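Single-structure report; data block below.
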Amino acid sequence: MARDGVRPREVRLRPAGFDELGLKRAFAPRLLPLLVAAMAFLAALTLVGMLAAAGLARHWREGAGASLTVQVPMPDAPAATGAGSRAEAVLTLLRAAPGIAAARRLSGAELDALLRPWLGATPGALGLAVPAVITVQRAAAAPLDEAALTARLAAPAPGTLVEAAAPWLARLAALARSLEALAALALVIVGAIAALVIAIATRAGLAARREALEIVHGLGASDGYIAARFAARALFLAAIGGVSGTLAALPVVVLLTRLAAPFTALAAPGRLSPADAVALPATLWLAVLPPAAAAIGWLTAEITVRRWLRRLP
Amino acid sequence: MIRFHEVGLSYGDGADGGGETGLVLRNISFAVPSGGFRWLLGPSGAGKTSLLRLLYLAARPSRGEAVILGHPVHAAGRRDLVELRRRIGVVFQDFRLLAHLSVFDNVALPLRLAGRPEGQIRADVAEMLRWVGLAGRMAALPPTLSGGEQQRVAIARAVINRPDLILADEPTGNLDEAQAERLMQLLAELNRLGTSIIVATHQTALLARHPAPALRLDRGRLVGDG
Numbered sequence: 109m110a111r112d113g114v115r116p117r118e119v120r121l122r123p124a125g126f127d128e129l130g131l132k133r134a135f136a137p138r139l140l141p142l143l144v145a146a147m148a149f150l151a152a153l154t155l156v157g158m159l160a161a162a163g164l165a166r167h168w169r170e171g172a173g174a175s176l177t178v179q180v181p182m183p184d185a186p187a188a189t190g191a192g193s194r195a196e197a198v199l200t201l202l203r204a205a206p207g208i209a210a211a212r213r214l215s216g217a218e219l220d221a222l223l224r225p226w227l228g229a230t231p232g233a234l235g236l237a238v239p240a241v242i243t244v245q246r247a248a249a250a251p252l253d254e255a256a257l258t259a260r261l262a263a264p265a266p267g268t269l270v271e272a273a274a275p276w277l278a279r280l281a282a283l284a285r286s287l288e289a290l291a292a293l294a295l296v297i298v299g300a301i302a303a304l305v306i307a308i309a310t311r312a313g314l315a316a317r318r319e320a321l322e323i324v325h326g327l328g329a330s331d332g333y334i335a336a337r338f339a340a341r342a343l344f345l346a347a348i349g350g351v352s353g354t355l356a357a358l359p360v361v362v363l364l365t366r367l368a369a370p371f372t373a374l375a376a377p378g379r380l381s382p383a384d385a386v387a388l389p390a391t392l393w394l395a396v397l398p399p400a401a402a403a404i405g406w407l408t409a410e411i412t413v414r415r416w417l418r419r420l421p
Numbered sequence: 005m006i007r008f009h010e011v012g013l014s015y016g017d018g019a020d021g022g023g024e025t026g027l028v029l030r031n032i033s034f035a036v037p038s039g040g041f042r043w044l045l046g047p048s049g050a051g052k053t054s055l056l057r058l059l060y061l062a063a064r065p066s067r068g069e070a071v072i073l074g075h076p077v078h079a080a081g082r083r084d085l086v087e088l089r090r091r092i093g094v095v096f097q098d099f100r101l102l103a104h105l106s107v108f109d110n111v112a113l114p115l116r117l118a119g120r121p122e123g124q125i126r127a128d129v130a131e132m133l134r135w136v137g138l139a140g141r142m143a144a145l146p147p148t149l150s151g152g153e154q155q156r157v158a159i160a161r162a163v164i165n166r167p168d169l170i171l172a173d174e175p176t177g178n179l180d181e182a183q184a185e186r187l188m189q190l191l192a193e194l195n196r197l198g199t200s201i202i203v204a205t206h207q208t209a210l211l212a213r214h215p216a217p218a219l220r221l222d223r224g225r226l227v228g229d230g
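So the sequences go chain by chain: A and B.
Here the first sequence stands for residues 109 to 421, numbered as in the numbering used here.
Here the second sequence stands for residues 5 to 230, numbered as in the numbering used here.
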C-alpha cells in the first residue's frame, strides 16, 4: 500500500446507480421518455373520455330513466270517478301508486316556459286548452308497470297520457356503453403501443451493448441480473415519460371535464360543482397513469431482455 | 477436472444434422485433472480459440460430451452454467474490458457479480491492481491505457475471484519479457494452489522456460496430448 502511495480510501465504492452495462447512454435516454409521454397524454384523454361516457350513462340512467311525464287533458274538469278535478284525481292516484317516489304538477309559469319556444312570449294569452303536466320520479329499485298505471289513471281522467323515457333511454344507454367499450379498447391499444415502443428501445439498447452484455454474461451474470438492469432503466425512463405526459394532459382534461359537466352531473346547492364532480375522479384516475407506464416499461424490458438472452449459451 | 469425449463444435445452423461438414472442432477427447496445467498449441485456424470458447462456456458442444469442473455442460441447462462461469477466469487476446468502466470497476466486476461486500471488494481489487502494477491507474478508463496495461487489467480481472480454472488466449502477447515472466509466475503459483490452467500460445520461448503437457490442435482435430 505504502509502496505505491495509493490508499484504499481513495478508491470509490460502488455508487448507488452503478451502471456496469453502460445503459445510461445506450438505452434511449431522450427518445423513450418522449414517446412514453405521448402515449401517456393519449391515455389520459382516452381515460377521461371513458369516464365521461360512463358518467353520461349513469346520468341518463339515474335522471331521465327514473322519471315519467303524465299529461292530463282538461285538467280542471271534474273527474269521471270520485271527487275533485281530473288533475287532482290523477295526482292522488300517482302519489299512492307503488314504485312512485314523488309526483308534482308543473305550474302555469313552468308550462309557459316549456311552450314559449313554439308559441311565443305569452302562450297563456292564446287561450289554448293546455293539458296539465305532471312530472313523476320513480323509486330507484321498485319496478313499475306502465300499462297498468295508464289504465288506472284513465279511470278518473280518460285520455291521460303516460310518457316513459325507456325506449330512447335504452338506445342512449347502448350508445354510452359502446363509447365506454371503444374508449377501453383505445386505452388497451395505447398501452400496447407503449409496450411496443419500449420493446423496440430495449432491443436497440441490447444491440448497442451487445459486447458488454456478452462480457458480463461470460463473467457469470445471470439472466435475471442483466434483465433487472434493463428493467430498472426502462422503469425510470417510462416513469419520467408517464409523469410528463400526464401533467401535459391535465389542463386539457380539466377543460374537457368542465365542458362535459352539464351533460354528466347534476348541480345542487351545497354539492361539488358539476365540473368538480367530474374532474375529481378523473384526476384521481390520471394518477394511475405514471405508475402504469412505469410498470409497462419494467415488464416489457424484463421480457424482452430475457428472451434476447436465450440466444447466449 | 475437465474431460472431453468425442466433442465436436459447429457454428453453422446445424443443417447437416451434426455431420462432419461445418465442424470447426472434430472428435476432441482429452482430460485435465484438477490442478493440472496444459499448454494449448497449434497454428492459426487450428481451433484453439474455439476450444477455449467451449471451455469458458461461450459455446456448447454440437456433439460429444464435455465435463468442466465436474459439470456435464453438454447436458446442462442455461441456469446451471451461471455459477460455473464464476469459477472460470479468462484472459482474452483482445482483453474484452468494458470501456466505460474504470480499471477498478473492471477488475471488481466478477466479485460484484458474485455478490461480495463492497468493503472486501475494495481491499481485494486494490491489492490485485498493486500486484499487476496498476495501483496508480485505478480510476483510468481502458481506452486511455496501453496494450500492456490493458492486458494486465484483463489478467487481474481473470484471477481476482480465485477461479478453479483459468483460461488464457495468448496472455503474454502484449507484455514485455519481464511482465510475461511475472504473469507466468502468477499462473504457476495459482496452479500450485490447485487452480487448473490452460494457456493458448504461439510463443515457443515460454514453453521452453515453463515445460508442461500440451494439447496440440491442427485443423480442428487434437493431434497431440502430452
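Idealized CB from N, CA, C, for every residue including glycine.
Source: prediction; values computed, not measured.
Spatially closest choice to residue i from the options, by CA coordinates
i, options, result
"residue 204(B)", "76(B), 57(B) and 102(B)", "57(B)"
"residue 243(A)", "236(A), 272(A) and 417(A)", "272(A)"
"residue 185(B)", "136(B), 88(B), 154(B) and 163(B)", "136(B)"
"residue 67(B)", "91(B), 15(B), 216(B) and 144(B)", "15(B)"
"residue 362(A)", "153(A), 168(A), 161(A) and 416(A)", "153(A)"
"residue 195(A)", "266(A), 140(A) and 175(A)", "266(A)"
"residue 96(B)", "159(B), 50(B) and 102(B)", "159(B)"
"residue 216(B)", "197(B), 120(B), 230(B) and 200(B)", "230(B)"
"residue 76(B)", "127(B), 9(B), 150(B) and 32(B)", "9(B)"
"residue 41(B)", "190(B), 48(B), 178(B) and 224(B)", "190(B)"
"residue 309(A)", "245(A), 221(A), 364(A) and 338(A)", "338(A)"
"residue 228(B)", "107(B), 43(B), 123(B) and 7(B)", "43(B)"
"residue 176(A)", "184(A), 269(A) and 161(A)", "269(A)"
"residue 278(A)", "225(A), 328(A), 307(A) and 168(A)", "168(A)"
"residue 294(A)", "158(A), 132(A), 129(A) and 226(A)", "158(A)"
"residue 28(B)", "49(B), 108(B) and 140(B)", "49(B)"
"residue 398(A)", "135(A), 421(A), 408(A) and 348(A)", "348(A)"
"residue 139(A)", "365(A), 345(A), 327(A) and 259(A)", "345(A)"
"residue 150(A)", "327(A), 261(A), 355(A) and 188(A)", "355(A)"
"residue 290(A)", "216(A), 161(A) and 393(A)", "161(A)"
Backbone secondary structure at residue i - three-state DSSP
i, result
"residue 206(B)", "coil"
"residue 378(A)", "The predicted model places residue 378(A) with a pLDDT of 42, which falls under 50 and marks its position as unreliable; any figure quoted below should be read in that light. Residue 378(A) falls in the coil class under three-state DSSP."
"residue 235(A)", "coil"
"residue 191(A)", "coil"
"residue 53(B)", "helix"
"residue 385(A)", "In this prediction, residue 385(A) scores a pLDDT of 49, lower than 50, which makes its location untrustworthy; the coordinate-derived value is nonetheless stated afterwards. In this structure, residue 385(A) counts as helix in the three-state DSSP scheme."
"residue 76(B)", "strand"
"residue 417(A)", "helix"
"residue 227(B)", "strand"
"residue 195(B)", "helix"
"residue 7(B)", "strand"
Residues near residue i in its chain [Cβ-Cβ closer than 8 Å; skip 5 each side]
i, result
"residue 188(B)", "176, 210, 213 and 214"
"residue 89(B)", "60 and 61"
Cβ of residue i within 9 Å of any chain A Cβ
i, result
"residue 193(B)", "no"
"residue 95(B)", "no"
"residue 218(B)", "no"
"residue 114(B)", "yes"
"residue 102(B)", "yes"
"residue 117(B)", "yes"
"residue 85(B)", "yes"
"residue 60(B)", "yes"
"residue 109(B)", "yes"
"residue 63(B)", "yes"
Beta-carbon contacts of residue i that lie in its chain and below 7 Å, excluding the five residues immediately before and after
i, result
"residue 65(B)", "11, 12, 13, 58 and 78"
"residue 203(A)", "211"
"residue 209(A)", "245, 246 and 247"
"residue 412(A)", "307, 310 and 311"
"residue 207(B)", "176"
CB-CB length for residue i against residue j, believed under 8 Å
i, j, result
"residue 133(B)", "residue 111(B)", "6 Å"
"residue 313(A)", "residue 144(A)", "That belief does not hold up - the Cβ atoms of residue 313(A) and residue 144(A) are roughly 15 Å apart, past 8 Å."
"residue 147(A)", "residue 302(A)", "4 Å"
"residue 200(B)", "residue 71(B)", "Contact doesn't hold; Cβ gap of about 12 Å is too wide."
"residue 33(B)", "residue 221(B)", "That pair is no contact at about 12 Å."
"residue 193(A)", "residue 185(A)", "7 Å"
Short CB-CB distance (under 9 Å) between residue i and chain B
i, result
"residue 313(A)", "no"
"residue 352(A)", "no"
"residue 421(A)", "yes"
"residue 322(A)", "yes"
"residue 344(A)", "no"
Contacting residues, own chain, Cβ-Cβ under 6 Å from residue i (five flanking each side not counted)
i, result
"residue 331(A)", "414 and 417"
"residue 146(B)", "101, 103 and 154"
"residue 181(A)", "239 and 267"
"residue 224(B)", "28, 29, 30 and 51"
"residue 352(A)", "145"
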